[in-house]
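The block underneath contains the structure these notes are about, expressed in structure tokens.
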Amino acid sequence: MKYLSQFLGTTALLSVATFAEAQTSIFEIPPEQAESFADIGVAGVSRETYVGSEESDLIVLPYVNASYKGRFFINPAVGAGVHAINNSKFRLGASANLALGRDGEDTPFAGTSYANEFKVDSGVTGNVFARAYLPFAALDVVGTVPIGGDLNGARLDTLLTTEISPIENFRLTPGVRATFNTGGWLDTNYGINARQAAASGLAPVSYDDGLSTLGAHVAGYYSVSDNFEIVGLINHSWLVGDIKDSPLTPQNTGLTVALGVARKF
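Position 112 of the sequence shown, counting from 1, maps to 110 under the numbering used here, and the rest follow consecutively.
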């Protein structure tokens, strides 16, 4: 509840800031950022069911990347939300997003009578994010708390991403990422609580707050025409710290590959 209260309080401040834009110029969206567009399509995603799992799946998801006057947005990175600040130097905003869960059969305990004890239900997360535009890259910091589903605790992602355009109509955005989690978030995904220990016979396991994951990613965008774009993503993650030794992590990496096509409006 502490993290949820902090998130709601920050979101309220951002909302006040948004409505105060007429009096405070920093919250105004400059004309060059006040664009409206919608890229809508579908993407196929291949991924480990969670970082450290040996199980993978292939899912089909809607792809939406849209903005209304630079203020309201939907995108695959942080979901649907609102910018309080959006200019050529800095962005600040809040959003809600979907967090995919896992089935007990996705864990190393598949086929056992207690596998379902390790199921994590999908849910909704709330995010507060900031982006600073540096001369050579964009620095993003995203704070996340669960507001539905089985997740607990909080998560903080820091990303550094640049952009290159090797040929006409094609751009790449490579970057790196570091993820810090509270113990509650780590315990949900990688710990063994008293109920799970009693069902499985395994020793209880819990984790302290700390750095959990390092990652590298690259997204590609190819404009086939004025109306259609092909989008691709490769994301590789490495577990760090004590969770590498969790009974739920038979491997210490995770790979996500996505390919989609979008109609541009």
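The beta-carbon is built from N, C-alpha and C at its ideal position, and this holds for glycine as well. Since we're looking at a predicted model, the values are computed, not measured.
Asked, Found
"Cβ atoms of Thr142 and Arg129: under 8 Å apart, would you say?", "no"
"How about Ser44 and Ser54: are their beta carbons less than 8 Å apart?", "yes"
"Does the Cβ-Cβ distance between Thr186 and Asn150 come in under 8 Å?", "yes"
"From which residue to which residue does the alpha helix (DSSP H) around Asp185 run?", "Gly181 to Tyr188"
"Would you identify the three-state DSSP class for Phe127, choosing helix, strand or coil?", "strand"
"What residue range is occupied by the uninterrupted alpha helix (DSSP H) comprising Ala32?", "Where Ala32 is concerned, there is no enclosing alpha helix (DSSP H), given that its DSSP letter is neither H nor E."
"So if DSSP puts Ser44 in a beta bridge, which residue, or which two residues, is it bridged to?", "Leu56 and Val255"
"Starting from Ser221, follow its DSSP beta bridges and name the residues at the other end.", "Glu227"
"Does the structure place the stretch 27 to 42 close enough to the stretch 233 to 241 that three or more beta carbon pairs sit under 8 Å?", "no"
"Taking Cβ positions, are Leu158 and Ala135 nearer each other than 8 Å?", "yes"
"Take Ile162 as the anchor and find which of Tyr219, Pro60 and Arg261 has the nearest alpha-carbon.", "Tyr219"
"Determine the direct distance from the alpha carbon of Val58 to that of Gly252, and round the result to whole angstroms.", "19 Å"
"Within 10 angstroms of its Cβ, does Val203 collect 16 or more other Cβ (buried), or is it exposed?", "buried"
"Can you round the beta-carbon distance between Gly91 and Gly79 to whole angstroms, since I take them to be within the 8 Å contact cut?", "5 Å"
"Using CA coordinates, which residue listed in Thr123, Ile228 and Asn250 is at the minimum distance from Gly42?", "Ile228"
"Could you tell me if Ser86 is buried or exposed, where buried requires 16 or more neighbouring beta carbons within 10 angstroms of its beta carbon?", "exposed"
"Can you look up Lys262 in the DSSP assignment and give me helix, strand or coil?", "strand"
"Of the residues Phe70, Ile38 and Ala214, which one's Cα is nearest the Cα of Leu237?", "Ala214"
"From Lys242 to Pro248, what distance separates their C-alpha atoms?", "8 Å"
"What residue range does the alpha helix (DSSP H) around Ala197 cover?", "Ala192 to Ser198"
"In three-state terms, what does DSSP make of Ala113?", "helix"
"Name the residue from Ser221, Thr47 and Phe71 whose alpha carbon lies nearest to the alpha carbon of Arg261.", "Ser221"
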